[in-house]
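Asker:
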Amino acid sequence: MRLPRIEPAVAAVTGLCLLLALLLGLTPVLTAFTAHGGAALVPSALGVPLAVPALRAVPLGSTGWTQLLCEDFAAAVLTAVAGLRMRRHLRLRPTASRPRRLLAGWTALIAGAAAAGVWRGLVTARLVDAGPLGWLLYAAAGAVFGALWGAGLGWLTAVAALAAPAPARPSNP
Numbered sequence: 009m010r011l012p013r014i015e016p017a018v019a020a021v022t023g024l025c026l027l028l029a030l031l032l033g034l035t036p037v038l039t040a041f042t043a044h045g046g047a048a049l050v051p052s053a054l055g056v057p058l059a060v061p062a063l064r065a066v067p068l069g070s071t072g073w074t075q076l077l078c079e080d081f082a083a084a085v086l087t088a089v090a091g092l093r094m095r096r097h098l099r100l101r102p103t104a105s106r107p108r109r110l111l112a113g114w115t116a117l118i119a120g121a122a123a124a125g126v127w128r129g130l131v132t133a134r135l136v137d138a139g140p141l142g143w144l145l146y147a148a149a150g151a152v153f154g155a156l157w158g159a160g161l162g163w164l165t166a167v168a169a170l171a172a173p174a175p176a177r178p179s180n181p
């Protein structure tokens, strides 16, 4: 059995998404961010998920294990969707220009953060016992704010996608 080949750009984008989730999972990093980013916390006071999902080993504060597992699953969704988005770009356009690859890396984090935001919004809707409209609104707000966080942090994955070696050009016989 032959394992599929992983392109360096896919590994770079996926690894950077995982690194972002791990960094936000560290209490000192999260504390420093929330202490200095006051305006960014306003939507989270209304139930919108903060930043990209954090990957932790133990619950933070008074949150329980269920919330921890939901947040860890959201981090897995973020990483998987971003990696799949970058992989799709490389499969469809193996000879894409550098700006196009930069944009693909950027949109990979936007797509991943939006997908994770939908999950996090649904979890929040369940926690507050929202009605059917509430489920829809929390999921939509999670997607929108996830995409906004992805757009804000997407330059990191864009640079990672650009810095990775280009895929091998197919040869024509």
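Counting with my numbering, you get residues 9 to 181 for the letters of the sequence shown. Beta carbons are placed, not taken as given, at the ideal position from N, Cα and C, and that holds for glycine.
(1) Of the residues 109, 163 and 95, which one's Cα is nearest the Cα of residue 13?
(2) Looking at residue 153: is its Cβ nearer than 8 Å to the Cβ of residue 61?
(3) If we ignore side chains and look at the alpha-carbon of each, how far apart do residue 172 and residue 27 end up?
(4) On a CA-only basis, which of 112, 141, 160 and 29 is nearest residue 63? Give me that one, please.
(5) With 16 as the cutoff for other CB atoms within 10 Å, does residue 44 come out buried or exposed?
(6) For residue 162, I'd like the list of residues in its chain whose CB is within less than 6 Å of its CB, leaving aside the five on either flank, ordered along the chain.
(7) By Cβ distance, which residues of its chain are closer than 8 Å to residue 80, with the 5 residues on each side in sequence left out?
(8) Report the rounded CA-to-CA distance for residue 151 versus residue 103, giving the unit in angstroms.
(9) By Cβ distance below 8 Å, which residues in the same chain neighbour residue 76 in space, the five residues on each side in sequence not counted?
(10) Mind checking whether residue 168 and residue 31 have CB atoms under 8 Å apart?
Answerer: In terms of the structure at hand:
(1) Per the Cα distances, 95.
(2) no
(3) 16 Å
(4) 29
(5) exposed
(6) 114, 117 and 118
(7) 61, 63 and 64
(8) 31 Å
(9) 64, 66, 67 and 68
(10) no
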